[in-house]
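Peer 1: Numbering (my numbering), first residue to last: 262 to 339.
Let me begin by handing over the structure; questions about it come next.
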């Protein structure tokens, strides 16, 4: 069994590193993998909101508008 690797190795003896700290071509992994979760057939997103949430939003908007309308009438009546 080998010992734990040094987390801060000596850069003069690190394989694959050119003088000055550069890395030669072929030593680094590719930028992107072809096994990501975005692969497969494209399914278009569903269109719009469902009727239930949209109805709830409209009810809340109307309730808020009515509240402020009644509040304005009460203030004007004073």
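We put the beta carbon where it would ideally sit given N, CA and C, even for glycine.
Treat the numbers as computed from the prediction; the structure is a model and nothing was measured.
My output table needs one value for residue 319: the three-state DSSP class, helix, strand or coil.
Peer 2: helix
Peer 1: By how many angstroms is the C-alpha of residue 313 removed from the C-alpha of residue 303?
Peer 2: 27 Å
Peer 1: At the level of alpha carbons, what is the spacing between residue 319 and residue 331?
Peer 2: 18 Å
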